[in-house]
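Participant: All residue numbers in the sequence shown are consecutive under our numbering, ending with 169.
Quick one: this structure, given as structure tokens, is what I'll be asking you about.
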Amino acid sequence: MKKHKILFSFLALLTLLVVIVGNYSCERDDICPPGTPTTPLLIIKFFDNITRIDPKAPENLSIKAVDVEELFVSEFNQDSIGIPLKTNVLITEFEFTIEQEETTNTDTLSFEYTPVEEYVNSACGFRVTFEGLTNSLVAEDGGTNWIKEIVIQEPNVTDETITHIYIYH
């Protein structure tokens, strides 16, 4: 009985010592604080092509990267979205597909940019921003693109607080 009390006391003291040493060995800059800037998403807002000022959500929008099987987003019905650009190449291509009743229409968009690595700190490491954003829309035969125009509002993707691209449809 006495051995159990001694063993229990020893284990409790050892656990307490490990917790204390663990807390003091962790420095403040070992943890990346919330709110630290990270690699930003490309922010896209959709507008009505006729009025040009009214936000308009595409119907049942699905987005996937070219040459990737899984969808990035499916059945999206809002007027803005953030999508990731690849950080290790100069071009990212996406297929934007809308489904209306029994019709499916896919438009392919290419985004070209220069990735720029920025050192944040030792806990957070690096983030990548994108400069000189340009885009191209693959034209479909017969002019059946559901996307009518793409306008770059901000060519440098450095944060997610502003819209970078307007898409009119």
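Using N, Cα and C, we set each Cβ at its ideal position, and we do this for glycine too.
Note that the structure is predicted; figures quoted are calculated from it, not measured.
Which first and last residues belong to the beta strand (DSSP E) in which Ser122 is found?
Facilitator: Start at 1 with the first residue of the sequence shown, and residue 122 comes out as number 122. That residue, Ser122, is in no beta strand (DSSP E); it is neither H nor E in DSSP.
Participant: In chain order, what are the residue ranges of uninterrupted alpha helix (DSSP H) at least 4 long that sit wholly in the segment 40-75?
Facilitator: You should have found no qualifying run.
Participant: Beta carbon of Tyr168, beta carbon of Asn49: below 8 Å?
Facilitator: Residue mapping note: residue 168 aligns to position 168 of the sequence shown, counting from 1. Residue mapping note: residue 49 aligns to position 49 of the sequence shown, counting from 1. Going by C-beta atoms, Tyr168 is nearer than 8 Å to Asn49.
Participant: Under the rule that 16 or more other beta-carbon atoms within 10 Å means buried, what is Tyr113, buried or exposed?
Facilitator: Numbered from its first residue, the sequence shown carries residue 113 at position 113. Per the 10 Å Cβ criterion, buried.
Participant: Once DSSP output is grouped into helix, strand and coil, what is the label at Gly35?
Facilitator: Here the question's residue 35 lines up with position 35 in the sequence shown. Three-state result, Gly35: coil.
Participant: Assuming Asp79 contacts Lys56 (C-beta within less than 8 Å), just tell me the rounded distance between them.
Facilitator: Indexing the sequence shown from 1 puts residue 79 at position 79. Indexing the sequence shown from 1 puts residue 56 at position 56. About 6 Å; that satisfies the 8 Å criterion.
Participant: Where DSSP assigns a beta bridge to Pro173, which residues make up the other side?
Facilitator: The shown model of the chain, from 1 to 169, leaves out residue 173, and the question about it has no answer.
Participant: In angstroms, rounded to a whole number, what distance separates the CA positions of Ala139 and Asn145?
Facilitator: As a working mapping, residue 139 is identified with position 139 in the sequence shown. As a working mapping, residue 145 is identified with position 145 in the sequence shown. Near 7 Å, if we compare the C-alpha coordinates of Asn145 and Ala139.
Participant: Just the Cα atoms here: how many angstroms apart are Glu95 and Ile53?
Facilitator: Position 95 of the sequence shown holds residue 95. Position 53 of the sequence shown holds residue 53. If you take the alpha carbons of Glu95 and Ile53, they lie about 25 Å apart.
Participant: Evaluate contact between the segment 99-107 and the segment 118-126, counting only Cβ atoms and requiring at least three cross-stretch pairs below 8 Å.
Facilitator: No contact exists between the segment 99-107 and the segment 118-126.
Participant: Quick one, are the C-beta atoms of Thr108 and Val66 less than 8 Å apart?
Facilitator: Numbered from 1 along the sequence shown, position 108 holds the residue referred to as residue 108. Numbered from 1 along the sequence shown, position 66 holds the residue referred to as residue 66. Yes, these two residues count as a Cβ contact at 8 Å.
Participant: Considering only residues of the same chain and omitting the five flanking positions on each side of Leu41, which have a CB-CB separation below 7 Å?
Facilitator: Start at 1 with the first residue of the sequence shown, and residue 41 comes out as number 41. If we look at Leu41 and ignore the five residues flanking it on each side, its Cβ neighbours are Gly82, Ile83, Pro84 and Glu160.
Participant: Name, in chain order, the residues that DSSP records as bridge partners for Ile81.
Facilitator: The count along the sequence shown starts at 1 and reaches residue 81 at position 81. According to DSSP, Ile81 bridges with Ile44.
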